[in-house]
Amino acid sequence: MTKRIFSGAQPTGNVHLGNYLGALKNWVALQHEYESFFCIVNLHAITVTHDPKLLTESTRNLTRIYLAVGIDPQVSTVFIQSDVPEHAELTWVLNCVVRISELERMTQYKDKAKKQQQENVTAGLLDYPVLMAADILLYQTDLVPVGHDQKQHLELTRDLAIRFNRDYGETFRVPDAYIPKVGAKIMSLSNPLKKMSKSDDDANSRIMLMDDSDTVVRKFKRAVTDSGTEIRFDESRPAINNLLEVYHLITGKSAAEVEDHFAGKGYAQLKGDLAEATIEFLKPFQQRVREISDDELDQILERGREKASRIARATLQQVFERTGLTGSLKR
Ligand code: AMP
Ligand code: TRP
Numbered sequence: 341m342t343k344r345i346f347s348g349a350q351p352t353g354n355v356h357l358g359n360y361l362g363a364l365k366n367w368v369a370l371q372h373e374y375e376s377f378f379c380i381v382n383l384h385a386i387t388v389t390h391d392p393k394l395l396t397e398s399t400r401n402l403t404r405i406y407l408a409v410g411i412d413p414q415v416s417t418v419f420i421q422s423d424v425p426e427h428a429e430l431t432w433v434l435n436c437v438v439r440i441s442e443l444e445r446m447t448q449y450k451d452k453a454k455k456q457q458q459e460n461v462t463a464g465l466l467d468y469p470v471l472m473a474a475d476i477l478l479y480q481t482d483l484v485p486v487g488h489d490q491k492q493h494l495e496l497t498r499d500l501a502i503r504f505n506r507d508y509g510e511t512f513r514v515p516d517a518y519i520p521k522v523g524a525k526i527m528s529l530s531n532p533l534k535k536m537s538k539s540d541d542d543a544n545s546r547i548m549l550m551d552d553s554d555t556v557v558r559k560f561k562r563a564v565t566d567s568g569t570e571i572r573f574d575e576s577r578p579a580i581n582n583l584l585e586v587y588h589l590i591t592g593k594s595a596a597e598v599e600d601h602f603a604g605k606g607y608a609q610l611k612g613d614l615a616e617a618t619i620e621f622l623k624p625f626q627q628r629v630r631e632i633s634d635d636e637l638d639q640i641l642e643r644g645r646e647k648a649s650r651i652a653r654a655t656l657q658q659v660f661e662r663t664g665l666t667g668s669l670k671r
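So the number in the numbering used here is just where the residue sits in the sequence shown, counting from 1, plus 340.
Structure (structure tokens):
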């Protein structure tokens, strides 16, 4: 049987180069090898304060971005999480499997909770990884392509699947994370010790996929560098390492080719070339984003909802049977 992949991104803010290089780029590459499900995880987006109007808009925008980076709706299933109520239903069942202590250990939870006033931290924020586990397990997923920051959530997903299978009988496939060797943690342009992040207050720390050319040039120009002048991969110089990694991934040139290209050149050249290569990628991408019509989008999402629902329903039905949630004889 063809193996399955499942992944998703939150429709919050906009997509940055880290999201693309760490996750979306791999979704595109893997979609022909696997039966693929790509979800816009809007239920995750309400775990922190949000503007309802903006969320609706961002949900559609993110769908456009999935398509414009190269996800092919003819081969992949693209859908919105809240369109398939089974995600929330399975979350409830898994909430009765997960231990609170497991959730309190999650570093993403601790980081996000720290950023808010304690009395504003919602139960949804703590529960976020359980919803993510439900997303993945509903589709009997084999592989989950994500960036490095999701590794711990994937481990919890595996633990929950194994525990459920042990207690109620074999029900879920236990998924593996797919974290790329290069690109899984693209760093901030302002501080190469922090990851590039949607929630960073400093907008110059990240390149957004919708940034115009001038902005891209300006942001790379301002990017922090480290001491030393040689342009080569060097673990002890995180800033240059990060910039070269981006260049390597965006141009598809090998590490050796990248170093050859910059031999004897300086930072100004690197930043200029980096901007040029990024713009070359972003221009046609942004054009495709604009070309996708509302009708086309609606059709793709409706087809996605139908296909996803069928599979999610079948898994949830099994879960209900195994857990005794079937009082009436026909369901
Ligand atoms: P999010 O937008 O937080 O839903 O993340 C979408 C995907 O992008 C997830 O698979 C993340 O692991 C990945 N991601 C987020 N930030 C980075 C980064 N700085 N470098 C690489 N991947 C990232
Ligand atoms: N938590 C993920 C992130 O912030 C998004 C996500 C939700 C996800 N459900 C998922 C990723 C299922 C992979 C599989 O990036």
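Glycine is no exception: its CB is placed at the ideal position from the N, C-alpha and C atoms.
Local Cβ density within 10 Å of residue i, reported as buried at 16 or more and exposed below that
i      : result
Gln350 : buried
Val659 : buried
Ser416 : buried
Ala473 : buried
Ala596 : exposed
Gln480 : buried
Glu510 : exposed
Val368 : buried
His493 : buried
Glu585 : buried
Gln490 : buried
Asp507 : exposed
Glu373 : exposed
Per DSSP, the bridge partner or partners of residue i
i      : result
Phe377 : Phe346, Thr417
Ala517 : Val484
Met527 : Lys535
Met548 : His356
Residue i: CB within 8 Å of a non-hydrogen atom of ligand 2
i      : result
Gln490 : yes
Tyr468 : yes
Met472 : yes
Gly604 : no
Ala349 : yes
Tyr428 : Tyr is not the amino acid found at residue 428; the sequence shown has Ala there. Every heavy atom of ligand 2 is 8 Å or more from the Cβ of Ala428, so no.
Phe346 : yes
Ile674 : Because the chain in this structure spans residues 341 to 671, residue 674 falls outside the shown range and cannot be described.
Ile571 : no
Val368 : no
His493 : yes
Heavy atom of ligand 1 within 8 Å of residue i beta-carbon
i      : result
Gln371 : no
Thr403 : no
Pro532 : no
His588 : no
Pro485 : yes
Lys525 : yes
Met548 : no
Met446 : no
Met536 : yes
Asn581 : no
Val359 : This sequence places Asn at residue 359; Val is not what is there. True, at least one ligand heavy atom lies under 8 Å from that Cβ.
Thr618 : no
His390 : no
Thr352 : yes
Gly509 : no
Val415 : no
Closest residue to residue i among the options (Cα-Cα distance)
i      : options                        : result
Glu459 : Val388, Glu375, Leu370, Gly604 : Val388
Ala385 : Tyr406, Ile405, Met550, Ile420 : Ile420
Met548 : Asp574, Gly358, Thr399         : Gly358
Gln448 : Ser539, Arg650, Asn435         : Ser539
Arg653 : Asn366, Ala369, Leu430, Thr342 : Leu430
Val564 : Glu570, Asp552, Asn582         : Asn582
Cys379 : Gln414, Ser347, Ala615, Arg628 : Ser347
Thr655 : Glu375, Leu478, Asp541, Val381 : Leu478
Phe504 : Asp613, Asp475, Leu434, Asn366 : Leu434
Leu361 : Val424, Arg546, Leu471, Ser441 : Arg546
Phe625 : Asp551, Leu614, Gly644         : Asp551
Lys452 : Leu465, Lys605, Thr591         : Leu465
inquiry  = So within the stretch 450-515, which uninterrupted beta strand (DSSP E) runs reach at least 3 residues, ignoring any that extend past its ends?
reply    = Every unbroken stretch of the beta strand (DSSP E) spanning 3 or more residues and falling wholly within the stretch 450-515 is given here in chain order: 483-485.
key: Whole runs of the alpha helix (DSSP H) within the stretch 550-593, excluding any shorter than 4 residues   = Here the runs fully enclosed are 553-562, 578-591.
task = Please specify which runs of the beta strand (DSSP E), each continuous and at least 3 residues long, are wholly inside the stretch 388-433, giving them in chain order.
result = Runs found: 416-420.
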